[in-house]
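Working notes, beginning with the structure itself.
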Amino acid sequence: MGSEHSKNEGRSSMVFLRKGPKLPAWEDALLSGKEPKSLLKRGLRYVSLSLIMKGMTSTPDFLWGLPEVQKLNLSRNQLVVIPPSLGKLDRLVVLNLGGNCLKCLPKEIGLLRNLKVLFVNMNCLREVPAELSLCRKLEVLSLSHNSISQLPFSFSDLTSLRKLNLSNNCFAQIPLCVFALRTLDFLHLGSNRLENIAESVQYLVNLQIFIVENNNIRSLPRSLCFITTLELLNVDYNAIQTLPDDLYLLRRLPRIAWNPMDKGLHIAHNPLSRPLPEVVEGGLDVLFNYLKEKKEHG
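Taking my numbering, I'd label the letters of the sequence shown as residues 536 to 833.
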């Protein structure tokens, strides 16, 4: 009798254990028996959820049942895919997917019509969905440290974009759509495969910071000199031998800069032809005066 009772008790325990799918260890640790909404942080302006460095290999299903989330940080995990369900979080303003193993983004990202900031840096992307251009409120976009070689032309529709980081990718030329982004004030294309900068760069009339270090650029276009808003121009580690005479028009460049964070003209580690190396050593005013006189006399 006692033995039979123990067997029945064991069976009922097994039935209880089979209820519902077993959660991955990291997801179980996240919730710890709590309601998913308990993970939300409600600030003065935004409802946020941070799942940074949680060892996640896939996104937790409970996430798609939290439509009120406005700031979501899934960075520094081991995520391989973001499901189409992302489109349900249509109140998102800030989304950080950096430092994962993503090979693509779902086209449903275009449903995030309130998105202003998107980080997808340090992943394995080779392309970006054209649907991202539907996020017309996007102001900051980082796609750095991927394997992207081109952008959809529809990106020219991102008319609110102010900061674009495309560094450490595989671009052989600056995508044409970038020149249509007239609101850009920051553009980073360092560590790509660029050999030139198109004359169309002059259309970026609000650009303040332009970084193209560590490429194979051989010369700077004259039209670059007409972006008089520039405060930082970094062309370090290229193959530049000569400088355009009109460079002296960039009067907002305060100095020849050496520290990567300093505003000014960064032109180190280029095979400048003589007498430019000696002129540059004299400082920016000396360089500008030299170029101006060179233009006036010849």
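Where a beta carbon is used, it is the ideal one built from N, C-alpha and C, also for glycine. None of the values given here were measured: they were computed from a predicted structure.
At a Cβ-Cβ threshold of 8 Å, V652 and Y581 do not count as neighbours. If you draw a straight line from the Cα of V821 to the Cα of N805, it comes to about 18 Å.
Excluding sequence positions up to five before and after G633, its CB lies within less than 6 Å of the CB of S610, F654, N656, M657, all in the same chain and listed in chain order. Distance between L819 and L784, taken at the CA atoms: about 12 Å. With 16 or more other Cβ atoms from the protein chains shown falling within 10 Å of its own Cβ, L607 counts as buried. Between I775 and the set N794, L788, R753, the nearest pair of CA atoms involves R753. Residues of the same chain with a CB within less than 8 Å of the CB of L660, apart from the 5 flanking positions on each side, are L637, K638, C639, L640, L678, N681, S682, I683 in chain order. Within the same chain, Cβ atoms closer than 6 Å to the Cβ of N703 are found at S679, H680, S726, the five residues on either side in sequence being excluded.
Between L676 and L699, the C-beta gap is smaller than 8 Å, which places the two residues in contact. When DSSP states are grouped into helix, strand and coil, F706 belongs to the coil group. For K638, no alpha helix (DSSP H) encloses it, and the DSSP letter there is neither H nor E.
Looking at the backbone, the Cα of I587 and that of L575 are separated by about 13 Å. Membership of V814 in the alpha helix (DSSP H) is indicated by the continuous run 811-816. Within the same chain, and ignoring the five residues on either side of F714 in sequence, the residues whose Cβ sits closer than 6 Å to its Cβ are S735, Y738. For the pair F745 and C712, the CB atoms are not nearer than the 8 Å cut-off. Sorting S695, Q605, F688, E730 by C-alpha distance to the C-alpha of C705 places E730 at the top. Taking the Cα of G578 as reference, the smallest distance to any Cα among L566, F688, I791, V604 is reached at V604. Judged by DSSP in its simplified three-state form, L630 adopts strand.
Secondary structure in the region 636-720: no alpha helix (DSSP H) run of 4 residues or longer lies completely within the stretch. Just so you know, the alpha carbons of P602 and H801 end up roughly 45 Å apart. Per the coordinates, the alpha-carbon of L782 lies some 5 Å from the alpha-carbon of C760.
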